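Each residue of the sequence shown is one higher than the last, beginning at 3 in the working numbering.
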Amino acid sequence: MHILELLAEAYFRCPKRIFQDPYTLNPKIFFQPTFLEAFRAKGKNLVTSIRSIMSEPVPGVYTFNMLNLNFCQKLIHEVKHFEAWARNTDSSILRPNTGNGYGGMKATLDKLMEDYISLISSVLFPDVGGGSLDSHHGYVLQYGRDKVIKEDLHVDDSEVTLHVCLGNQFAGGELLFGGQRCKDHVNGGTHIEKEFDYLLPVGGQAIIHRGCRLYGAKPIKFGHRYNFFMWFKSSAFRELQAHDKGFKDFCDECQSQKIARRNEWVAAKKKVEEMQLLESLSKDYYESCLFSPCCLFLWF
């Protein structure tokens, strides 16, 4: 079951919300101390400071401690309360791909993007518009054996994707990561992954990667896990991509085709050079025979 984390406007006006914390971004309540400390640096030191809190267990996939665990639990309770409210009022819960219904958390997530994620993305993902993020979409998914979510390998409609495990007790549910795909190669190509990298979500820990990264999730063995997702987009990058018909450096399929085309070119060039060499040798041999003493004797 999909759960819209960006609470509906009607619920935002509801006086029975449990907590106020999710609706106002208070850094000391939201974030872990190490995350906040990284953003106190200024200028060039900020880049070094941001990189210092990052781990890269999979190339191009970064993890870092982000959300305060107490805040994670409050957000889970608020989401559960929202589910109950939706059932009791016969309200439908918007699906993550609808892109609307921001409700009371829009201002909070705007600030999260502008003050934190944009800075991180400009350092880690400048090649996909990480420095020009201007829109976002967020939601929470609940995973469990009784809440089956099909998470086949896919890419997101985003330049940058953020996952944060909100915790709860669970086993299984590892995230698996494949390669990267541009929009032209999302659903096909000859570059097929034979091996995948696995990451186990940890409460309060964020995972951030390019939206074009193939990923999925293994089933939960027992318990439940809530995961907070945000998709970030850059309209400037998308405008550039619309006019760029060449190979994309971040796309594994593009690079595979680029290498194949280069190999074809090298092979064709080698064949031409071999033919030219053969012609040159034949010409030299013919001339050497033509002016040999035997040939000259026959001429006269």
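Glycine residues also receive a C-beta, built at the ideal position from the N, C-alpha and C atoms.
Quick caveat: nothing in here was measured; it's all calculated off a predicted structure.
Residue i, enclosing alpha helix (DSSP H) - first and last residue
i      : result
Lys30  : Pro29 to Phe32
Gln171 : Run containing Gln171: none; DSSP gives neither H nor E here.
Ile122 : Ser120 to Leu126
Glu80  : Leu71 to Asn90
Ala109 : Lys108 to Leu114
Leu48  : Lys46 to Ser54
Proximity winner among the options, relative to residue i (alpha-carbon distances)
i      : options                           : result
Pro203 : Cys214, Gln171, Gly181 and Phe37  : Gln171
Ala173 : Ala219, Asp199 and Arg183         : Ala219
Asn72  : Asn47, Glu241, Phe33 and Ala109   : Phe33
Leu164 : Arg215, Phe224, Ile122 and Phe231 : Phe231
Met107 : Leu177, His138, Leu201 and Gly225 : His138
Thr110 : Ile222, Ile31, His245 and Ala244  : Ile31
Lys46  : Gly140, Leu121, Ile222 and Phe224 : Leu121
Gln310 : Ser160, Leu48 and Leu38           : What is shown of the chain runs 3 to 302, which leaves residue 310 out entirely.
Ile78  : Ile222, Pro35, His226 and Leu201  : His226
Phe37  : Leu280, Gly62, Asp117 and Asp92   : Asp117
Boundaries (first-last residue) of the beta strand (DSSP E) holding residue i
i      : result
Val63  : Val63 to Asn67
Ser224 : Note that residue 224 corresponds to Phe in the displayed sequence, not to Ser. Element bounds for Phe224: Ile222 to Lys235.
Glu58  : Ser57 to Val60
Ala309 : Residue coverage of the chain in this structure runs from 3 to 302, which leaves residue 309 outside it and unanswerable.
Ala219 : Arg215 to Ala219
His211 : Gln207 to Arg212
His138 : Ser137 to Gly146
Tyr200 : Asp199 to Leu201
Leu178 : Leu177 to Gln182
Proximal residues to residue i (C-beta, below 7 Å), its chain only, five neighbours per side dropped
i      : result
Cys74  : Leu168, Gly169, Gly205 and Gly206
Lys113 : Leu27
Ser51  : Ala40 and Ala43
Met115 : Leu135, His138 and Phe234
Lys223 : Ala173 and Gly174
For residue j and residue i, believed in contact at Cβ under 8 Å, the rounded distance
i      : j      : result
Glu80  : Pro24  : 6 Å
Gly175 : Tyr145 : 5 Å
Val142 : Tyr228 : 6 Å
Val166 : Leu69  : 5 Å
Cutoff 6 Å; reference residue i; Cβ partners in own chain excluding five residues on either side
i      : result
Glu58  : Tyr64
Asp158 : Gly213 and Trp233
Asp199 : Val60 and Phe179
Phe66  : Ile55, Met56 and Ala208
Gln278 : none
Val49  : Val125
Own chain residues within Cβ distance below 8 Å of residue i, not counting five before or after
i      : result
Ser54  : Ala40
Asp154 : Gly218
Trp301 : Unreliable placement is indicated for Trp301, whose pLDDT of 46 sits below 50; the coordinate value is still reported in the next sentence. Cβ within range, chain order: n/a, list empty.
Leu216 : Leu155, His156, Val157, Phe179, Gly180, Gly181, Gln182, Arg183 and Glu195
Any non-hydrogen atom of the ligand COA within 7 Å of residue i CB
i      : result
Tyr200 : Among the components of this structure there are no ligands whatsoever, and the ligand COA is therefore not found.
contact_flag[the segment 208-226, the segment 125-138] where n(CB pairs < 8 Å) is 3 or more: yes
Touch test, the segment 223-242 against the segment 127-141, Cβ-Cβ under 8 Å, three pairs minimum: yes
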